[in-house]
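Visitor: First residue of the sequence shown: 1, per the working numbering; consecutive thereafter. Note that the Cβ used here is the ideal one computed from N, Cα and C, for glycine as well.
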Amino acid sequence: MTRVLIVATDVVASRMAGPGIRCLELARQLQQNGHQVTVAAAGAADLVGEPVTLVTGATPVEMDALAQRHDAILVQGFALRAFPSLRKAKAPLIVDLYDPFPLSLLEQERLLPLRERRAHNHQVSGILDELLRAGDYFICASERQRDLWIGALTAVGRVNPLTWSADDSLRQLIGVVPFGLPASPPESTADRPPGFPAEVSSGDVVLLWGGGIYNWFDPLTLIQAIAEIAGKEPRLKLVFMAMDHPNPGVPSQMWMPERARQLATDLGVLGRSVFFNEEWVAYEKRADWLLAADCGISIHLDHAETRYAFRTRILDYLWAGLPIISTKGDVLADLVDERRLGWTVAAGEVSPLVDALSQLVADPVERRAMAERVRGVAAEMTWARAAEPLLRFCDAPESAPDHPREQFQAQAQSSNLQLRLEGPKRLALAGLRGLRREGLRPTLRKARSWWARRGLP
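(1) Do the CB positions of Leu106 and Leu74 come within less than 9 Å of each other?
(2) Please list, in chain order, all residues of the same chain as Arg420 whose beta carbon is under 6 Å from its beta carbon, the five residues on each side excluded.
(3) Among the candidates Ala260, Leu290, Glu50, Gly439, whose CA atom is the shortest distance from the CA of Ala190?
(4) How about Leu208 and Ala333: are their beta carbons less than 9 Å apart?
(5) Got a sec, what are the start and stop residues for the beta strand (DSSP E) Asp96 sits in?
(6) Could you tell me which residues DSSP puts in a beta bridge with Tyr137?
(7) Using the Cα positions of Leu417 and Ile139, report the straight-line distance between them to the nearest angstrom.
(8) Please report the distance separating the alpha-carbon of Leu112 from that of Trp343.
(9) Quick one: using the 10 Å Cβ neighbour count with 16 as the cut-off for buried, is Gln145 buried or exposed?
(10) Just list the residues that DSSP pairs His300 with in beta bridges.
(11) Short check: CB of Glu62 to CB of Val55, under 9 Å?
(12) My understanding is that Arg87 touches Leu97, with C-beta atoms under 8 Å, so please give their C-beta distance in whole angstroms.
(13) Expressed to the nearest angstrom, what Euclidean distance is found between the alpha-carbon atoms of Val472 and Val361?
(14) Quick one: does the C-beta of Ile213 sit closer than 8 Å to a heavy atom of the ligand GDP?
(15) Based on the DSSP output, what are the partners of Phe101 in its beta bridges?
(16) May I have a chain-ordered list of the beta strand (DSSP E) segments no shorter than 3 residues that lie completely inside the segment 111-173?
(17) Going by the beta-carbon positions, is the gap between Trp383 and Arg28 smaller than 9 Å?
(18) Report all residues from its chain with a CB closer than 6 Å to the CB of Pro352; omit the five preceding and five following residues, and keep chain order.
(19) So is Leu444 buried or exposed if we call it buried at 16+ other beta carbons inside 10 Å?
(20) Helix, strand or coil: how does DSSP classify Ala40 here?
(21) Using the Cβ count rule (16 or more neighbours within 10 Å means buried), how would you classify Glu233?
(22) Sorted by chain position, which residues of the same chain lie with C-beta nearer than 8 Å to Gly203's C-beta, five sequence neighbours on each side aside?
(23) According to DSSP, is Gly210 helix, strand or coil?
(24) Between which residues of its own chain and Glu278 is the CB-CB distance below 7 Å, once the five residues before and five after are set aside?
(25) Return the chain-ordered ranges of every beta strand (DSSP E) run that is complete within the segment 267-328 and spans a minimum of 3 residues.
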């Protein structure tokens, strides 16, 4: 039995987004396979009956104590910045890179002043650098992501003679652990989910936008398409599952939800063909919303974040057996095309989206055939199967061959020493320049003044 600590920097509670869901589901798989798991999460947790130990609001001191009691530690996102002592942990460090957050944050902050964007990007780059230099084993969500992260690991020197000699496939360094699905199909707990639009009737064709409306998505093109088709297909109803977010810091950074609402208002479809649910749906209640829909939709913008994203909401559509309409460009859209699970459309174009929506409404037979194919694919994508590389590592966790944290700490100490030496070095150079320009006495007066301002004897 391995004692595994999972450090989540997002909320793990009844209402949670992708990062929290992933931490909880991976913890469940580890626990089911005989490991003892603790999940340390941000915010207050209200989950009951979980087999794993849940810890919330841990201080850095408490986190240090937790780390010392575990045999392996899984981190994601900003964990090493929030808890610096994890950089010195003796237990092997597993770094979850399923979320290419440097790319999504660039899009999220697009409208901020350039000075703020550059400062934050510098901080995020430093956080990513720490993760890549400190990890013993890395996981990501797709082979495409793995290519991205192998490039990043090569750039920071982690693909080196030691890691290459240990395994030249680099699977020992970085494995693919996709987002998964529950093994059992969803079951409805209510005829009509609480908060579901009363204007949507049983005869309507419901298009569900699962999850939040983030800045890298494109609800605007979708709403334009709905407005264009509404007169011809009044039974088609678009329902956005959430305007809120379980992490209180996220909504203030998102401008797209209000843009979507304003466009629906301007086009006259708000409350008629387009509906917004204000609150985040609890994780265990999402099945009610999924089973009330006829199709799931994921429409995004065309940029680099799209190529490396792994849209977790599409996994929910698969779980519920929903045909899918998606923008082309990510690995799950490729799956929709390859397995004929729905329709894929070009980014930012209204006409192809209108065509897909028309086919969705007009052909219920094909819709049912797609749903059957979706359920077949879902059976291949369970959490138990997705977690296999992580389970293998945790069965016998070990440090990477190049002992990354020893190298990382040595570099940090060298950097700190350089910073300590930089001050006297700059002072000495300034003194030499002063001697050349002004002579001995003026330079000595300035030196005494500098000394006195700092209260030095």
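Guide: Short version:
(1) no
(2) At Arg420 the pLDDT is 46, less than 50, meaning the model places this residue with poor confidence and gives no usable figure here.
(3) Leu290
(4) no
(5) 93-96
(6) Ile94
(7) Because the pLDDT at Leu417 is just 42, under 50, the model does not fix this residue reliably, and the point stays unresolved.
(8) 34 Å
(9) buried
(10) Phe217
(11) yes
(12) About 17 Å; that fails the 8 Å criterion.
(13) Given a span of 1 to 457 for the chain in the structure shown, any question on residue 472 remains unanswerable.
(14) Absence of the ligand GDP from the depicted structure is noted, as is the absence of any ligand whatsoever, leaving it without description.
(15) Answer is none; Phe101 lacks a bridge partner.
(16) 137-140
(17) yes
(18) Val345, Ala346
(19) exposed
(20) strand
(21) buried
(22) Arg235
(23) coil
(24) Met243, Asp244
(25) 274-276, 295-298, 324-327
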